[in-house]
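Student: Heads up: the sequence shown is residues 26 to 374, going by the numbering used here.
Idealized CB from N, CA, C, for every residue including glycine.
Owing to the predicted nature of the structure, the values given are computational and were not obtained by experimental measurement.
Before we start, here is the structure in question, set down as structure tokens.
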Amino acid sequence: MRCFVFSHGTKYITGDARTYLKKLEEKSMLEVWKEKAPRQSEFFVKFPTQFNNISREIWKWSIEKGEEHAWLYFIFGSCQYLPTQNRVNKHREHASQYCLLCQSGVVENMEHLWVCPALAKEQMRLQLRINGILQGLPFALDKVRPIELNHRDDWLLLATKDPLCDRIPDDRLDALTRDFWNANKHKQFIPPQSFSKAVGKVLRKTYPQALSRNLLSMLIDLFCLNVEGKSNALQHYSRFEVWCSEDPDDKDFGALGSFLESDLSGKNTLAFPEFPDIEKAIRKAEEIINSPAPSRVIMFLPLNMEHKFLVIADLSECSIFQNQGPPSDISLVLAVNKESLVLDPIDGA
Ligand SMILES: [Zn+2]
26 MRCFVFSHGT KYITGDARTY LKKLEEKSML EVWKEKAPRQ SEFFVKFPTQ FNNISREIWK
86 WSIEKGEEHA WLYFIFGSCQ YLPTQNRVNK HREHASQYCL LCQSGVVENM EHLWVCPALA
146 KEQMRLQLRI NGILQGLPFA LDKVRPIELN HRDDWLLLAT KDPLCDRIPD DRLDALTRDF
206 WNANKHKQFI PPQSFSKAVG KVLRKTYPQA LSRNLLSMLI DLFCLNVEGK SNALQHYSRF
266 EVWCSEDPDD KDFGALGSFL ESDLSGKNTL AFPEFPDIEK AIRKAEEIIN SPAPSRVIMF
326 LPLNMEHKFL VIADLSECSI FQNQGPPSDI SLVLAVNKES LVLDPIDGA
């Protein structure tokens, strides 16, 4: 009889050498996978244990039920390799990657599947199932204060030490904490002083008069607007989903960026360009409505300005500002493409 000992690196191997070799093989294959296909291995890298557990279960279920497609679907889904428009049409022009289900002019990729309005029913069902499971866990019914509220309270407390804060109403300051949270919540760490610094910068600036809220509300309802093309951290109107600002500091509070530089195809934008950017803004509006995604731009333009859009109203007799400022010689102009008119007809009345 002969005795021998297996060793590998600095380790002595006990038990069945084949099991150890199998593990080594698995480890090296995973390294290759992570390196060569970072996108496909993203879920695995984030949740290695759950990934292994669930893949074993799904393998078992699909064999028991004889449904090999379920297994394939799992592989493609977990590797973010489902045939979305983005993946299938990756090398074609941008517009051919838009979601066909909701027609909202957004690229259909794996992230979009979780928020696509056309899949709301399925998302709701998933959410209810998950809530059901979470409620079964110990302490699930104990109310935990959301981390968002803790952060926002702390920020508010720090920010009010700045005497300039007295200049703005409390509800606006609260809205600023909400905007700041939404713009920064994806970060792993938000320094406690960062909000006060950002607000300090905003409060030291001067802003033009804000547009009348009643007028904005009416335009939103009439033209289904969702982007405020020119605003700032202190004045943007909450009924718009998104807002643009020329000031890069406003990105701290969720501004999309400048109207002239943002991609606004597939959106319904209200723009109020001012000298010397008016001509650039007109060209930008043309570019937006030339996109194949349903898009429209409502603009306030000087009466004598040359353009190819539809004039909706002459506003030279009325004030468009919040504090009933002086009337301005401007007209309300609509730039729209036919895709937008088909999807969302404008009420002529
Ligand atoms: Zn969609």
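Is it right to say Trp84 is buried, meaning 16 or more other beta carbons lie within 10 angstroms of its own, or is it exposed?
Tutor: As a working mapping, residue 84 is identified with position 59 in the sequence shown. Trp84 should be labelled exposed.
Student: Can you name the start and end residues of the alpha helix (DSSP H) that Met54 belongs to?
Tutor: The residue you call residue 54 lines up with position 29 of the sequence shown. First-last of the alpha helix (DSSP H) with Met54: 42 to 61.
Student: So, helix, strand or coil for Thr35, using DSSP?
Tutor: Working through the sequence shown from its first residue, we reach residue 35 at position 10. Looking at Thr35 - three-state DSSP - the assignment turns out to be coil, as it is neither helix nor strand.
Student: Taking 7 Å as the cut-off, is the CB of His119 close to at least one heavy atom of ligand 1?
Tutor: Position 94 of the sequence shown, counted from the first residue, corresponds to residue 119. His119: no, Cβ never under 7 Å from ligand 1.
Student: Consider the C-beta atom of Leu151 and the heavy atoms of ligand 3; say whether any pair is separated by less than 7 Å.
Tutor: Ligands present in the displayed structure are limited to ligand 1, and ligand 3 is not among them.
Student: Residues bridged to Ala296 by DSSP?
Tutor: Reading the sequence shown from its first residue, position 271 is the one you call residue 296. Met324, per the DSSP bridge assignment.
Student: Please classify Cys28: is it buried, with 16 or more other beta-carbons within 10 angstroms of its beta-carbon, or exposed?
Tutor: As a working mapping, residue 28 is identified with position 3 in the sequence shown. With fewer than 16 other Cβ atoms within 10 Å, it is exposed.
Student: To the nearest angstrom, how far is the alpha carbon of Phe334 from that of Ile323?
Tutor: As a first step, residue 334 is located in the sequence shown; it is residue number 309 there, counting from the start. As a first step, residue 323 is located in the sequence shown; it is residue number 298 there, counting from the start. The straight-line gap from Cα to Cα measures roughly 10 Å.
Student: I'd like to confirm something about His137: is its beta-carbon nearer than 7 Å to some heavy atom of ligand 1, or not?
Tutor: Your numbering for residue 137 matches position 112 in the sequence shown. Correct: His137 has its Cβ closer than 7 Å to ligand 1.
Student: Quick check: does the Cβ of Leu107 come within less than 7 Å of any heavy atom belonging to ligand 1?
Tutor: For the purposes of this step, residue 107 is taken as the residue at position 82 of the sequence shown. No, ligand 1 has no heavy atom inside 7 Å of this Cβ.
Student: By a C-beta neighbour count over all protein chains shown, 10 Å radius and 16 as the cutoff for buried, is Ala374 buried or exposed?
Tutor: The residue you call residue 374 lines up with position 349 of the sequence shown. Caution applies to Ala374, whose pLDDT of 45 falls short of 50 and renders its modelled position unreliable; the value that the coordinates give is listed next. It is exposed - the Cβ of Ala374 has fewer than 16 other Cβ atoms within 10 Å.
Student: Taking the alpha carbon of Leu241 as the reference point, which residue from Thr44, Trp96, Ser344 has its own alpha carbon closest?
Tutor: To locate residue 241, count along the sequence shown from 1; it is residue 216. When only C-alpha atoms are compared, the closest one is Ser344.
Student: Does Gly91 pass the burial test, meaning 16 or more other C-beta atoms within 10 Å, or should it be called exposed?
Tutor: Here residue 91 is taken as the residue at index 66 of the sequence shown, counted from 1. The residue in question, Gly91, is exposed, as its Cβ has fewer than 16 Cβ neighbours within 10 Å.
Student: Just how far apart, CA to CA, sit Ser356 and Glu311?
Tutor: The residue you call residue 356 lines up with position 331 of the sequence shown. The residue you call residue 311 lines up with position 286 of the sequence shown. Straight-line Cα distance between these residues: approximately 17 Å.
Student: Just checking my contact of Leu162 with Leu181 at CB under 8 Å: how many whole Å lie between their CB atoms?
Tutor: For the purposes of this step, residue 162 is taken as the residue at position 137 of the sequence shown. For the purposes of this step, residue 181 is taken as the residue at position 156 of the sequence shown. Rounded, the Cβ-Cβ distance is 32 Å, inconsistent with contact.
Student: With DSSP run on the structure shown, which of helix, strand or coil describes Ile79?
Tutor: Here residue 79 corresponds to residue number 54 of the sequence shown, with the count starting at 1. Helix.
Student: If we count the other Cβ atoms within 10 Å of its Cβ and call it buried at 16 or more, is Phe300 buried or exposed?
Tutor: Residue numbering aside, residue 300 sits at position 275 when the sequence shown is read from its first letter. Result: exposed.
Student: Would you please state the rounded distance, in angstroms, between the beta carbons of Ala318 and Gly130? I believe it to be under 8 Å.
Tutor: Position 293 of the sequence shown, counted from the first residue, corresponds to residue 318. Position 105 of the sequence shown, counted from the first residue, corresponds to residue 130. Right, their Cβ atoms sit about 3 Å apart.
Student: If we count the other Cβ atoms within 10 Å of its Cβ and call it buried at 16 or more, is Val358 buried or exposed?
Tutor: If you number the sequence shown from 1, residue 358 lands on position 333. Under this definition Val358 is a buried residue.
Student: So, is His94 buried or exposed, given that buried needs 16 or more other C-beta atoms within 10 angstroms?
Tutor: The count along the sequence shown starts at 1 and reaches residue 94 at position 69. Flag for His94 reads exposed.
Student: Looking at the structure shown, is Val169 part of a helix, part of a strand, or coil, going by DSSP?
Tutor: Working through the sequence shown from its first residue, we reach residue 169 at position 144. In the structure shown, Val169 sits in coil (DSSP, three-state: anything other than H, G, I, E or B).
Student: Is Ala374 helix, strand or coil when you go by DSSP?
Tutor: Taking the first residue of the sequence shown as position 1, residue 374 is located at position 349. Here the model assigns Ala374 a pLDDT of 45, short of 50, so the residue's position is not dependable, and the following value carries that caveat. Note: Ala374 maps to coil in three-state DSSP.
Student: Could I get the ranges of all uninterrupted alpha helix (DSSP H) runs contained in the region 231 to 270, with 4 residues as the minimum, in chain order?
Tutor: Those alpha helix (DSSP H) runs which fall completely within the region 231 to 270 and span 4+ residues are 238 to 248.
Student: Can you list, in chain order, the residues of its chain with a C-beta nearer than 8 Å to that of Ile314? Leave out the 5 residues immediately preceding and following it.
Tutor: The residue labelled residue 314 in the question sits at position 289 within the sequence shown. Excluding residues within five positions, the ones whose Cβ falls inside 8 Å are Ser320, Arg321, Val322, Ala360, Val361, Asn362, Ser365.
Student: Does DSSP put Ser356 in a helix, a strand or coil?
Tutor: Taking the sequence shown and counting its residues from 1, one reaches residue 356 at position 331. DSSP places Ser356 in strand when its eight states are reduced to three.
Student: Taking the alpha-carbon positions, what's the Tyr45 to Phe99 distance?
Tutor: Against the sequence shown, residue 45 aligns to sequence position 20. Against the sequence shown, residue 99 aligns to sequence position 74. Rounded to whole angstroms, Tyr45 to Phe99 spans 28 Å at the Cα level.
Student: Quick check on DSSP: helix, strand or coil for Tyr106?
Tutor: Mapped onto the sequence shown, residue 106 falls at position 81. The answer is coil: DSSP assigns Tyr106 none of H, G, I, E or B.
Student: Have a look at Phe31, Phe205, Gln160, Ser270 and flag the residue whose alpha-carbon is nearest the alpha-carbon of Leu174.
Tutor: Indexing the sequence shown from 1 puts residue 174 at position 149. It is Phe205.
Student: For Asp246, count neighbouring C-beta atoms within 10 Å of its own C-beta (all shown protein chains included) and say buried if the count is 16 or more, exposed if not.
Tutor: On the sequence shown, residue 246 is found 221 positions in, with the first residue counted as 1. With fewer than 16 Cβ atoms within 10 Å of its Cβ, Asp246 is classed as exposed.
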